[in-house]
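Reading through the C-alpha cells given below for one structure.
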Amino acid sequence: MIRFVWAIVLLCAALPARAEVTIQEVTSPGGITAWLVEEHSIPFTALEIRFRGGAALDAPEKKGATSLMVSLLEEGAGDLDARAFAKATESLAASFRYDTSDDAVRISAKFLTENRDQAVALLRDSLVAPRFDEDAVARVRSQLLSILQSDEKDPRAIAGKQFDAMVYGDHPYGMPQDGTVEIVGALTRDDLLAAHEGALARDRIYVGAVGDITPEELAILLDTLLGDLPATGAPLPGPAGVTLDGGTHVVPFPTPQSVAIFGQPGIDRDDPDFFAAFILDHILGGGSFESRLMQEVREKRGLTYGVYSYLVDKDQAQLWQGAVSSANDRVAQAVRVIRDEWQKMRDSGVTAEELQDAKTYLTGAYPLRFDGNGPIANIIVAMQMEGLPIDYIDTRNEKIEAVSLDDINRVAQELLDPDRLTFVVVGQPEGLEPAAN
Amino acid sequence: MLRLFTLMFGLVVLANPALARDDVTTFTLDNGMDVVVIEDHRAPVVVHMVWYRAGSADEPPGSSGVAHFLEHLLFKGTDTLAPGEFSATVARNGGSDNAFTSYDYTAYFQRVAADRLDLMMQMEADRMVNLKLSEEDIATERDVIIEERNQRVENDPASLFREQKNAAQYLNHRYGVPIIGWRHEMEALDQAKARAFYDRYYAPNNAILVVAGDVQPDAVRALAEQYYGPLPANPDLPTRARPQEPPQTSERRMVFRDARVAQPYVSRSYLAPERDSGAQEKAAALSILSEILGGGTTSVLTEKLQFDEKVAVFTGAYYSGTSLDDTTFDFVIVPAPGVTLEDAEAALDRVIGEFLETGVDPEQLDRIKMQIRASQIYARDSVDSLANQYGRALTQGLTVEDVQAWPDVLQAVTAEDVMAAARDVFNRKTSVTGYLMGEEVTQ
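So the sequence lines, in the order shown, correspond to chains A and B.
Per this note's numbering, the first sequence runs over residues 87 to 523.
Per this note's numbering, the second sequence runs over residues 406 to 848.
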C-alpha cells in the first residue's frame with residue numbers, strides 16, 4: 087500500500103523545467119492513442135500501459151481477483167503454457183512486468199529493436215489471450231496466499247490494512263488490493279476470467295512509449311497489441327467517503343518498534359490550490375531531510391529513522407498521509423511532535439525562505455526525473471491518466487513558481503486539519519491507549 | 406511469478422554488464438584519488454559519487470556499525486558547513502543526496518543538474534577532511550541508527566534470521582558481523598570511535614570519484630584537480646588485509662524461531678569465491694549457475710520443485726560475485742502448505758544432486774547468454790546503475806578493465822565450466838542450513 091502511495095506522489099512531482107523531451111501523440115488506425123518520445127540512440131523501447139480501474143473493480147466478496155488475474159497474465163497465453171511463455175520471453179531478452187494498484191493495472195515492457203515484432207506478439211497474447219490454466223492458477227494462488235499470511239504478521243502491512251479499513255470503510259479502497267486468505271482461497275477460474283474481461287478493455291487504456299520506434303511503427307504496434315481487447319470493461323467505483331476521527335488508534339502487536347500511519351483529508355489534482363498544497367507538503371514532510379517533520383522528529387530528537395508525509399491522489403479519494411516508525415517507548419513522543427508540527431504549520435504557515443527553498447528544489451529536481459526511457463515512459467503515461475495536456479511539461483514549473491506566500495499560508499489554514507489528523511499505531515506503544523475499533 | 410517474492414528475498418540481477426568502453430574515461434589524481442567519468446548526454450543531469458574503500462568489514466573489533474554511523478555523521482557539520490547544511494544546499498540547488506554503507510565500501514552521492522557539479526565537489530571534498538562533530542550530534546544520531554536497526558532488523562524476523570546465518574557462515578571474517586552493527590556495540594559507539602575510523606580511512610588515496618551523466622571528461626578532470634587535488638594523501642593508510650576464513654570443515658545447521666514468522670522457509674548457503682581482478686572466470690561460471698538453478702520460471706529449481714513436484718511455493722538461487730573477500734552461493738526454498746521444512750530441504754538437495762548428474766541444458770544456457778547480451782543494451786539506459794557498478798567494483802578489488810571484460814567473460818562460460826564450479830562450491834562442509842520458523846507449539 088505504501089509503495090503505491092509513493093508511486094502517486096512521485097507522479098505528482100514528476101514534472102518540468104528544461105527537460106528536452108518532445109512528446110508526440112500517436113493514434114492507431116484502430117483508434118488507440120499513445121504518447122511517444124522517440125529516442126533512437128539505444129536499440130530498445132520502453133512501453134508503459136495502464137488500464138484504469140485495477141483492484142478497485144473487485145466486488146468485496148471477490149477482492150483479490152484482479153490482482154491474482156494480473157499475476158497470471160505471464161503464466162501461459164495463446165498456444166504457450168507458463169513454461170513455454172517464459173522460455174519465449176527469455177529467448178527474446180524481453181522484459182514484461184504486470185502489476186496491480188487500486189486504480190490501475192500496469193504493464194511495463196522493454197524489448198529490443200531486433201526482435202520487436204516477436205516480443206509484441208508475446209505481450210499481446212498475455213493481455214488478450216491469457217490461459218489461466220488450472221495448474222498455473224493453483225501455483226500462483228499459493229504464492230499469493232503465502233504473501234497474505236505473511237502480511238498478517240507484518241506490522242507495516244497491518245498498519246496499512248487497518249488504516250484503509252478505518253478510512254474507506256465499505257468502499258473498495260477499504261480492503262487490501264490482494265484480498266484476504268479466505269477470499270483468495272475460494273476464487274474460481276470464472277472469477278479470473280470475469281476480472282480479466284472487466285479490467286483489460288479498450289475504453290480505459292493509456293500508453294506511453296519511449297525509445298527506438300517511430301510514430302508509424304508505434305501506430306501499427308498499438309492495434310496489434312491492444313486491438314483485440316473488448317471495447318468496454320467493468321464500471322469504475324464511485325467516490326469514496328473518508329472517515330478520519332482525529333484519534334490515535336492502537337493495534338496491539340508484539341514487536342519492538344511501533345509502526346504508525348497517519349492522515350487527514352487531501353486535495354484533488356484539479357483543485358486550483360493543488361500546487362500550493364503540494365509545496366506545503368514538501369515543506370511539512372515531503373521526503374527530504376529538510377522537511378519540518380524530518381528535522382523535528384529525526385534530526386533534533388533522534389526518534390526515528392524516517393518520517394514522511396505525502397499527498398495521496400487516488401481516482402476516488404484524496405488524502406494527506408504520512409508514516410513513521412519509532413521504538414515502543416518513544417513512539418508516543420513522535421506522535422506528539424508530529425501533531426504539534428501539524429498544528430504549528432496550520433497556525434503560523436511557512437516562511438518566505440521555506441517557500442523559496444521548496445520552489446528551488448521542486449523546479450530544479452524536475453529534469454532529474456527524465457533520466458532514462460523507462461522513467462520517461464512512466465511520466466508520460468501518468469500525465470495521460472491525470473488528464474494533463476501534452477505540453478504540461480513546459481508549464482509545470484511556472485505553476486510552482488506562481489504560488490505566493492499568501493496562497494500557501496491561506497491553503498495551510500484551509501486545508502491542514504489537526505482535529506482530523508488520525509493515527510493508526512501498530513506495536514506495543516507505551517503511553518498510547520488502545521482505542522476501541 | 407509474483408514479484409513480491411523477489412522483493413522478499415532480494416533477487417540479485419544477473420551481472421549488469423558494462424557500457425561500451427568509449428563512454429568511460431578513467432584517470433588518477435596525484436594524491437592517489439581514482440576518477441571514473443561515464444558520459445551520457447541524453448539529459449542535463451549528473452550523478453556525483455565518492456566511494457571509500459572502507460566498509461563494515463574494515464571496522465576494528467568491538468565497534469560494529471561504526472562505518473555506517475560515520476556515514477550518518479558526515480551529514481553533520483564541517484569547519485565551514487553547519488549541521489544539515491550539506492543536504493540543504495544540495496536541495497536548494499534542486500538536487501538530492503544520500504549515502505550508503507556496505508561490507509566493503511561507504512559511498513556518498515548527489516544527483517543534480519550538470520551545471521552544479523563544481524559545488525558538489527567543493528562540499529564533498531570539504532567533508533572528506535574537515536568533519537566537525539558535537540557530542541549532541543553523536544547522541545542524537547546514535548538514536549537514529551538504533552531506530553534504523555529497529556526498522557530494518559528487529560521488526561523483521563527474516564532479517565534477524567539472516568544475521569544469525571551470516572554469523573554462522575563466517576568463522577573468522579567480518580562479513581559475519583552485520584553492517585548496521587550488533588545492537589550492544591551500536592549503543593556504545595561514540596565520537597572517539599567515529600573519529601578514529603574517519604581519520605584512518607577518509608582520504609583521497611582511499612577514495613574513488615565517479616561522475617556520470619552530461620559531462621565532459623576534461624572538465625571533470627579540471628574540477629577534480631581543483632577541489633580534490635589539494636587534499637593530502639594519508640601516508641598511514643593501512644593495507645586492506647582482513648582476517649580470512651580458515652578451511653571450513655564442519656557443516657552448520659540452525660533453527661531460528663519467532664512468533665512473527667507466518668511463512669517458514671529453509672535457506673542454504675555455501676562459501677564461494679568472489680570475482681578477482683584478472684581472474685573472473687570462476688565467478689562468471691557461478692553467476693550463470695545461479696541463473697540456471699534459480700533465475701526464474703525456467704530455472705531448474707522452479708521447474709522441478711514448483712511446476713513438477715509442487716512441493717515449493719517459491720525457490721531461488723543467488724550469487725553475487727562482487728565482493729572483496731569470500732562470498733556465498735545461496736538457496737532458499739519456501740515449502741508448499743503441508744510440506745515440512747525437512748522435506749523441502751531434502752527435495753532441494755535431491756534436485757541439486759540430479760543436476761550434478763544430468764548437467765546443463767544447452768538451450769537454457771543459450772537463453773541466458775542472449776539475456777546477458779541484451780542487458781548490455783538495457784544497461785545503457787541507466788547511467789546511475791553504471792556509476793554504481795563501477796563504484797562497487799573499484800572498492801571491491803576489481804579494475805575498470807575487469808568491469809569492461811565481464812560481459813565477455815560471462816559469454817565465454819561453457820557448460821563444463823558451470824558444472825565444475827557447481828561441484829566445487831556445493832560442499833556441505835562449508836555450508837549453513839537455516840530453518841526460519843514460527844513459535845514452537847507446545848502440547
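Idealized CB from N, CA, C, for every residue including glycine.
Checklist entry - Using the rule of at least 16 other Cβ atoms within 10 Å of the residue's Cβ for burial, across every protein chain shown, is His589 (chain B) buried or exposed? => result Within the second sequence, residue 589 (chain B) is the residue found at index 184, counting from 1. Exposed: under 16 other Cβ atoms inside 10 Å.
Item to check | Delimiting residues of the alpha helix (DSSP H) encompassing Gln794 (chain B) | outcome: Against the second sequence, residue 794 (chain B) aligns to sequence position 389. Residues 788-800.
Checklist entry - Since Gly513 (chain A) contacts Thr341 (chain A) with CB under 8 Å, what's their CB separation in whole angstroms? => result Locating residue 513 (chain A) in the first sequence gives position 427, counting from the first residue. Locating residue 341 (chain A) in the first sequence gives position 255, counting from the first residue. With a Cβ gap of about 5 Å, Gly513 (chain A) and Thr341 (chain A) count as contacting.
Item to check | Proximal chain A residues relative to Asn560 (chain B), where beta-carbon distance stays under 7 Å | outcome: Sequence index remark: in the second sequence, residue 560 (chain B) carries index 155 (1-based). In chain order: Pro241, Thr341, Pro342, Gln343.
Checklist entry - Which residues, in order along the segment 423-446 of chain A, keep a beta-carbon less than 7 Å from a beta-carbon of chain B? => result Asp443, Thr446
Checklist entry - Mind pulling the chain B residues with CB within less than 9 Å of Gly82 (chain A)? => result Lying before the first or after the last residue shown, residue 82 (chain A) is absent from chain A, which here runs from 87 to 523.
Checklist entry - Where are the alpha helix (DSSP H) runs, 4 residues long or more, that stay fully inside the segment 573-637 of chain B, in chain order? => result 588-591, 596-606, 622-632
Checklist entry - Given Arg89 (chain A), which residues of its chain have a CB within under 7 Å of its CB, disregarding the five upstream and five downstream residues? => result On the first sequence, position 3 is the one that residue 89 (chain A) refers to. A caution first: Arg89 (chain A) carries a pLDDT of 30, below 50, which makes its placement in the model too unreliable to give a value.
Item to check | Validate contact between the segment 323-330 of chain A and the segment 471-489 of chain A using beta carbons, cut 8 Å, 3 pairs | outcome: no
Item to check | Closest residue to Ile299 (chain A) among A:Lys239, A:Thr199, A:Arg192 (Cα-Cα distance) | outcome: On the first sequence, position 213 is the one that residue 299 (chain A) refers to. Considering only alpha carbons, the answer is A:Thr199.
Next on the checklist: Using 8 Å for Cβ pairs, my map puts Leu628 (chain B) next to Met526 (chain B). What's the rounded Cβ distance?
Outcome noted: For the purposes of this step, residue 628 (chain B) is taken as residue 223 along the second sequence, with counting starting at 1. For the purposes of this step, residue 526 (chain B) is taken as residue 121 along the second sequence, with counting starting at 1. With 8 Å as the limit, Leu628 (chain B) and Met526 (chain B) qualify as a contact, their Cβ atoms being about 5 Å apart.
Next on the checklist: Between the alpha carbons of Arg645 (chain B) and Leu524 (chain B), how many angstroms are there, rounded?
Outcome noted: Here the question's residue 645 (chain B) lines up with position 240 in the second sequence. Here the question's residue 524 (chain B) lines up with position 119 in the second sequence. Distance between the alpha carbons of Arg645 (chain B) and Leu524 (chain B) is about 32 Å.
Next on the checklist: For chain B, check one thing: does any of its Cβ atoms lie closer than 8 Å to the Cβ of Lys173 (chain A)?
Outcome noted: Within the first sequence, residue 173 (chain A) is the residue found at index 87, counting from 1. Output row for Lys173 (chain A): interface = yes.
Item to check | Complete alpha helix (DSSP H) runs within the segment 120-167 of chain A (minimum length 4 residues, chain order) | outcome: 151-157
Next on the checklist: If you reduce the DSSP assignment to three classes, tell me which class Glu111 (chain A) lands in.
Outcome noted: To locate residue 111 (chain A), count along the first sequence from 1; it is residue 25. In the structure shown, Glu111 (chain A) sits in a strand (DSSP, three-state: E or B).
Next on the checklist: Rounded to the nearest angstrom, what separates Glu106 (chain A) and Glu124 (chain A) at their Cα positions?
Outcome noted: Counting from one through the first sequence, the residue named residue 106 (chain A) turns up at place 20. Counting from one through the first sequence, the residue named residue 124 (chain A) turns up at place 38. Near 12 Å, if we compare the C-alpha coordinates of Glu124 (chain A) and Glu106 (chain A).
Checklist entry - Per DSSP, His257 (chain A) forms a beta bridge with which residues? => result Against the first sequence, residue 257 (chain A) aligns to sequence position 171. BP columns for His257 (chain A) are empty, so no partner.
Checklist entry - Under a three-way DSSP split, which group does Leu273 (chain A) fall into? => result In the first sequence, counting from the first residue as 1, residue 273 (chain A) sits at position 187. Reduced to three states, the DSSP call for Leu273 (chain A) is coil.
Item to check | With 16 other Cβ atoms within 10 Å as the buried cut-off, status of Arg465 (chain B) | outcome: On the second sequence, residue 465 (chain B) is found 60 positions in, with the first residue counted as 1. In the sequence as presented, Arg is not what sits at residue 465 (chain B); that position holds Pro. It is exposed - the Cβ of Pro465 (chain B) has fewer than 16 other Cβ atoms within 10 Å.
Next on the checklist: If the cut-off is 9 Å on Cβ atoms, which residues from the segment 535-550 of chain B count as contacting chain A, listed in chain order?
Outcome noted: Ala544, Thr545, Glu546, Arg547, Asp548, Val549, Ile550
Checklist entry - Of all the residues that make up the segment 200-234 of chain A, which are near chain B by a beta-carbon distance shorter than 7 Å? => result Arg225, Val226, Ser228, Gln229, Leu230, Ser232, Ile233
Item to check | Cβ-based burial, Gln574 (chain B) [other Cβ within 10 Å; buried from 16] | outcome: The count along the second sequence starts at 1 and reaches residue 574 (chain B) at position 169. Counting Cβ neighbours within 10 Å, Gln574 (chain B) comes out buried, since at least 16 surround it.
Checklist entry - Any idea what DSSP makes of His477 (chain B), helix, strand or coil? => result The residue labelled residue 477 (chain B) in the question sits at position 72 within the second sequence. In this structure, His477 (chain B) counts as helix in the three-state DSSP scheme.
Checklist entry - Using the C-alpha atoms, what's the distance from Ile466 (chain A) back to Leu405 (chain A)? => result To locate residue 405 (chain A), count along the first sequence from 1; it is residue 319. To locate residue 466 (chain A), count along the first sequence from 1; it is residue 380. Cα to Cα, the separation comes out at about 24 Å.
Next on the checklist: Beta-carbon within less than 7 Å of Gln229 (chain A)'s beta-carbon, same chain only, minus the 5 sequence neighbours each way: which residues are those?
Outcome noted: In the first sequence, the residue the question calls residue 229 (chain A) occupies position 143. Closer than 7 Å at the Cβ level, and outside the excluded window around Gln229 (chain A), lies no residue.
Item to check | Closest residue to Ala117 (chain A) among A:Ala413, A:Lys430, A:Ala222, A:Leu304 (Cα-Cα distance) | outcome: One-based indexing of the first sequence puts residue 117 (chain A) at position 31. The sequence shown places Gly at residue 117 (chain A), not Ala. It is A:Leu304.
Item to check | Within chain A, the residues that Gln556 (chain B) reaches when beta carbons sit closer than 7 Å | outcome: To locate residue 556 (chain B), count along the second sequence from 1; it is residue 151. Ordered by position in chain A, the residues that pass the 7 Å Cβ test against Gln556 (chain B) are Gln343, Tyr391, Ser411.
Item to check | Cβ neighbours of Asp185 (chain A) in the same chain (closer than 6 Å, five flanking residues each side left out) | outcome: Stepping through the first sequence from its first residue, residue 185 (chain A) is reached at position 99. Hits under 6 Å: Arg192.
Checklist entry - Hey, Gly162 (chain A) and Arg217 (chain A): beta-carbon distance below 8 Å or not? => result Reading the first sequence from its first residue, position 76 is the one you call residue 162 (chain A). Reading the first sequence from its first residue, position 131 is the one you call residue 217 (chain A). For Gly162 (chain A) and Arg217 (chain A), yes; Cβs fall inside 8 Å.
Next on the checklist: Excluding the 5 residues flanking Val620 (chain B) on each side, which residues of the same chain have their C-beta closer than 7 Å to its C-beta?
Outcome noted: Here residue 620 (chain B) corresponds to residue number 215 of the second sequence, with the count starting at 1. These residues qualify, in order along the chain: Val442, Glu444, Val451, Ala519, Leu522.
Checklist entry - Contact between the segment 140-158 of chain A and the segment 732-742 of chain B: three or more CB pairs below 8 Å? => result no
Item to check | Under 7 Å (Cβ pairs) to chain A, residues found in the segment 448-479 of chain B | outcome: Ala448, Pro449, Val450
Item to check | Contacts of Glu176 (chain A) in chain B (Cβ-Cβ under 7 Å) | outcome: Start at 1 with the first residue of the first sequence, and residue 176 (chain A) comes out as number 90. In chain order: Thr703, Arg772, Gln776.
Item to check | Three-way DSSP call (helix, strand, coil) for Tyr508 (chain B) in this model | outcome: Your numbering for residue 508 (chain B) matches position 103 in the second sequence. In the structure shown, Tyr508 (chain B) sits in coil (DSSP, three-state: anything other than H, G, I, E or B).
Checklist entry - Is the segment 706-713 of chain B touching the segment 777-787 of chain B in the sense that three or more CB pairs, one from each, lie closer than 8 Å? => result no
Checklist entry - Quick one: is Ile693 (chain B) near chain A, going by C-beta distance under 8 Å? => result The residue labelled residue 693 (chain B) in the question sits at position 288 within the second sequence. No - not a single Cβ of chain A is within 8 Å of the one on Ile693 (chain B).
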